[in-house]
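What follows is a short report on a single structure.
Residue numbers (our numbering), protein chains in the order written: chain C, 393 to 806; chain S, 2 to 347.
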């Protein structure tokens, strides 16, 4: 019996080894240098690439930093550039593409990426600019025990239901501030507006141009919904981003939250919270305006790019290494760390919210070259409205004026 | 000193100042006169995991060509200075024309990013500078009159706020004023209002930032004044005492006049530092209520993913102008003192 186990283990080991050796790493002796953000799923992909292919490479470095977005354009501009690959998301890919710093991957996909699903190729006018591997979006977190205690028996599906539920919780005297949202002035409040704006069917720009169109009926409706929501949020909400909202949730001080899907796994795990909170937290689709309407969320993907300013051999080796990591073994080993878009992913409880939001038809975060400027203008100008110092129309007019000023300087408007 | 000797003496400093101060300022100024080239936008089909969509993207080749022809960008003259993000002449004019009362006009003006930030920056400077001067002097005189056994420890304790990195110091205070933190909870208890939040009120946020500024810079003025106190001539003090001057009179008529050059120096440093207030705004997440000129520069360069160098350059130049404007009275005073001293020396 013991022998049999040993033989099986040995065989398995051989198989694993041969699998590692069999990884297609492209040209050997190349330098592979990856810049990426710093969260577990990205570590899983870049780490697997390193395990598979560092033996054949002359150098394999990974820089995981939350500042990746801030340094990537500068790091990729020189020739040869500092990194051979940057792992990006929707918004950061446009930032690299605006300066033409990443290369089309069509030939590399043909050579080393035949195992990758076609829908993961981020294609712009036929050119594959990135290969996605995971998805993220905001969605609703609910505490079913608190809702039940307040007499709400269904998980809210619309903003109105969410507000009614929050009101019931407050009136039942359970919590004064049952709602949490990432409303920190700056990027976060801008993104929270985007969610509700898209749910109201808003369009950020006049079609085909860089002219803003947020000061519209949808924009005003979105701001009013947002204000009704934060009515039930902690008075400090303009200083709270993901880390703060997660902490409030884990402390059991909130019952309805609109937070990132990537916070699902850390909230549901047994660290940092009580069983009462984790066992009663339900992840569901982001709320919509009307029942069955567009969920108020932006879909995000994370994927890898290959720098333009590196040698073709380095580009090929980097692509092959990262592509080799995108397989079902890696997914199986890290199943709950992300909502993987790869074969072999078994959606767990932590992925339920993102899946439901994507199925409900939420819109992807717009991949437009000028969206960063509009997002920044929203982040800077909306807090006056949320503090109650301005009307919705005035705040949105300020947003458009601030955006137009910046867009003129950046050359998007004349 | 002979002019020649003076020249060689000052040359290294002058060279370093030109290289590291004057040239960068000139380059920032030049940058502020330009805006980026027109981005050539093309409509393309954009596909990904969430489906395909028609959208716009930048035509790299065409934009690159424009960039190569004129690497600095398009010349915009002083256009960036007068746009809505800076001096906003058009918007201020429109506000003047449309608002009925001064109050309404003022509301419109401080709603503009530059004037809003300038208001906070000036308030902060005007509140922190005198408080730090007065309190620093008071603490220095207090410590100086302690028995020598206690002097060492009290100097150390008074210097502590200066040793804490501003970013860390303000973060610690930020957590303390949280409604779950020790200060925030006590304030709620005192006012018996569970919804009272320091972070949610503009007035309280400003007060908190100003108090933090005083706490953080106090050791600087304290230690300079304390050093100055060691040079107060004992004979003069004794003579005053013999003449029957009280301790208060000795402080006002002997010690303070002796410290005037130091007071000018500390005022200069404080005005410059306070006008550039930045870190506490970020660590207190106070952007919703208080923005400073330095914060605007930071935001232009960092947050939009598409750094607005021209805009940041223009704000930098306006900040420098602001500092010069604030320092002028102090500098004139110092210059007069210097000329006066020179005449006496001759």
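Just so you know, even glycine gets a beta-carbon here, dropped at the ideal spot from N, CA and C.
None of the values given here were measured: they were computed from a predicted structure.
CB-CB length for residue 607 of chain C against residue 788 of chain C, believed under 8 Å: Numbered from its first residue, the first chain carries residue 607 of chain C at position 215. Numbered from its first residue, the first chain carries residue 788 of chain C at position 396. Residue 607 of chain C to residue 788 of chain C, Cβ: 4 Å. Contact.
In whole angstroms, what is the alpha-carbon distance linking residue 488 of chain C and residue 761 of chain C? Counting from one through the first chain, the residue named residue 488 of chain C turns up at place 96. Counting from one through the first chain, the residue named residue 761 of chain C turns up at place 369. Cα to Cα, the separation comes out at about 10 Å.
When DSSP labels each residue in this structure, what does residue 405 of chain C get in the three-state scheme? Along the first chain, one-based indexing puts residue 405 of chain C at 13. In this predicted model, residue 405 of chain C has a pLDDT of only 42, less than 50, meaning its place in the structure is not dependable enough to derive any value.
Minimum Cβ-Cβ distance from residue 498 of chain C to chain S less than 8 Å: Position 106 of the first chain, counting from 1, holds the residue named residue 498 of chain C. No, residue 498 of chain C does not count as interfacial toward chain S.
Identify the contact partners of residue 37 of chain S in chain C, using a Cβ-Cβ distance below 7 Å as the criterion. Within the second chain, the letter at position 36 stands for residue 37 of chain S. Those are 801, 802 and 803, listed as they occur along chain C.
Could you name the residues of chain C that residue 289 of chain S contacts, counting a contact when the two beta carbons are closer than 7 Å? Working through the second chain from its first residue, we reach residue 289 of chain S at position 288. Within chain C, the residues near residue 289 of chain S are 577, 630, 775 and 779.
Confirm, please, whether the CB-CB distance from residue 793 of chain C to residue 85 of chain S is below 8 Å. Reading the second chain from its first residue, position 84 is the one you call residue 85 of chain S. Reading the first chain from its first residue, position 401 is the one you call residue 793 of chain C. Cβ atoms of residue 85 of chain S and residue 793 of chain C: closer than 8 Å.
Per the contact definition of three or more C-beta pairs closer than 8 Å, is the segment 557-575 of chain C in contact with the segment 699-714 of chain C? By the Cβ rule, the segment 699-714 of chain C does not count as touching the segment 557-575 of chain C, because fewer than three pairs are nearer than 8 Å.
Can you name, in chain order, every residue of its own chain whose Cβ lies under 8 Å from the Cβ of residue 520 of chain C, other than the five neighbours on each side? The residue you call residue 520 of chain C lines up with position 128 of the first chain. Result list for residue 520 of chain C: 496, 497, 498, 501, 513 and 514, in chain order.
Return the CA-CA distance between residue 285 of chain S and residue 89 of chain S, expressed in angstroms with no decimal places. Walking along the second chain from the start, residue 285 of chain S turns up at place 284. Walking along the second chain from the start, residue 89 of chain S turns up at place 88. If I take the Cα positions, the gap works out to 28 Å.
In the DSSP assignment, find the beta strand (DSSP E) that holds residue 534 of chain C and state where it starts and stops. By one-based count along the first chain, residue 534 of chain C stands at place 142. Looking at the DSSP string, the run of the beta strand (DSSP E) that includes residue 534 of chain C is 530-535.
Using a beta-carbon distance cut-off of less than 7 Å, what residues from the segment 44-60 of chain S approach chain C? 44, 45, 46, 47, 48, 49, 50, 51, 56, 57, 58 and 59
Please look up how many angstroms separate the CB atoms of residue 555 of chain C and residue 534 of chain C, rounded, as I've assumed it's under 8 Å. For this step, residue 555 of chain C is matched to residue 163 along the first chain. For this step, residue 534 of chain C is matched to residue 142 along the first chain. 13 Å between Cβ atoms; not a contact.
Look up residue 187 of chain S in the DSSP assignment and give the residues it is bridged to. Locating residue 187 of chain S in the second chain gives position 186, counting from the first residue. Per DSSP, none; premise fails for residue 187 of chain S.
Enumerate in chain order the residues of its own chain whose CB-to-CB distance from residue 178 of chain S is below 6 Å, with the five nearest sequence positions on each side excluded. Within the second chain, numbered from 1, the residue matching residue 178 of chain S stands at position 177. Excluding sequence neighbours, residue 178 of chain S sits near 184, 185 and 199.
Listed by chain order, chain S residues near residue 461 of chain C by CB distance under 9 Å: As a first step, residue 461 of chain C is located in the first chain; it is residue number 69 there, counting from the start. Within chain S, the residues near residue 461 of chain C are 306.
Can you name, in chain order, every residue of its own chain whose Cβ lies under 6 Å from the Cβ of residue 735 of chain C, other than the five neighbours on each side? Residue mapping note: residue 735 of chain C aligns to position 343 of the first chain, counting from 1. Residues of the same chain with a CB within less than 6 Å of the CB of residue 735 of chain C, apart from the 5 flanking positions on each side, are 720 in chain order.
What distance in whole Å lies between the Cβ atoms of residue 731 of chain C and residue 653 of chain C, which are believed to be in contact at a cut-off of 8 Å? Position 261 of the first chain, counted from the start, is the residue given in the question as residue 653 of chain C. Position 339 of the first chain, counted from the start, is the residue given in the question as residue 731 of chain C. Yes, residue 653 of chain C and residue 731 of chain C are in contact; Cβ-Cβ is about 6 Å, under 8 Å.
For residue 647 of chain C and residue 112 of chain S, the rounded distance between their alpha carbons: Within the second chain, the letter at position 111 stands for residue 112 of chain S. Within the first chain, the letter at position 255 stands for residue 647 of chain C. Cα-Cα distance, rounded: 35 Å.
Roughly how many whole angstroms lie between the Cα atoms of residue 159 of chain S and residue 257 of chain S? Here residue 159 of chain S refers to the residue found at position 158 of the second chain. Here residue 257 of chain S refers to the residue found at position 256 of the second chain. So the two alpha carbons sit approximately 21 Å from each other.
From what residue to what residue does the beta strand (DSSP E) around residue 451 of chain C run? Here residue 451 of chain C refers to the residue found at position 59 when the first chain is read from its first residue. Per DSSP, residue 451 of chain C belongs to the beta strand (DSSP E) from 451-456.
Applying the 10 Å Cβ sphere with the 16-neighbour rule, what's the burial state of residue 211 of chain S? Counting from one through the second chain, the residue named residue 211 of chain S turns up at place 210. It counts as buried.
Cβ of residue 529 of chain C within 8 Å of Cβ of residue 641 of chain C? Looking up residue 529 of chain C in the first chain gives position 137. Looking up residue 641 of chain C in the first chain gives position 249. No, these two residues do not count as a Cβ contact at 8 Å.
Which chain C residues sit within Cβ distance under 9 Å of residue 86 of chain S? Along the second chain, read from residue 1 onward, the residue named residue 86 of chain S stands at position 85. Contact annotation for residue 86 of chain S against chain C: 794, 797, 798 and 801 [CB-CB distance below 9 Å, chain order].
Count the other C-beta atoms from every protein chain shown that fall within 10 angstroms of the C-beta of residue 240 of chain S, then say buried if there are 16 or more, exposed otherwise. The count along the second chain starts at 1 and reaches residue 240 of chain S at position 239. The residue is exposed, with fewer than 16 neighbouring Cβ atoms inside 10 Å.
Cβ pair residue 672 of chain C, residue 536 of chain C closer than 8 Å: Translated into positions along the first chain, residue 672 of chain C becomes position 280. Translated into positions along the first chain, residue 536 of chain C becomes position 144. Cβ atoms of residue 672 of chain C and residue 536 of chain C: closer than 8 Å.
Mind checking which residues open and close the alpha helix (DSSP H) that includes residue 424 of chain C? Translated into the one-based positions of the first chain, residue 424 of chain C becomes position 32. Premise fails: residue 424 of chain C lies in the beta strand (DSSP E), 423-428, not in any alpha helix (DSSP H).
Quick one: which residues of the segment 302-327 of chain S get their C-beta closer than 8 Å to a C-beta of chain C? List them in chain order. 303, 304, 305, 306, 307, 309, 311 and 312
Answer with yes or no whether the minimum CB distance from residue 473 of chain C to chain S is below 8 Å. Within the first chain, residue 473 of chain C is the residue found at index 81, counting from 1. No, no contact with chain S.
Going by DSSP, which residues form a beta bridge with residue 47 of chain S? If you number the second chain from 1, residue 47 of chain S lands on position 46. BP columns for residue 47 of chain S point to C/516 and S/54.
Inter-stretch contact at 8 Å, needing at least 3 Cβ pairs: the segment 169-177 of chain S / the segment 270-284 of chain S: The segment 169-177 of chain S vs the segment 270-284 of chain S: in contact.
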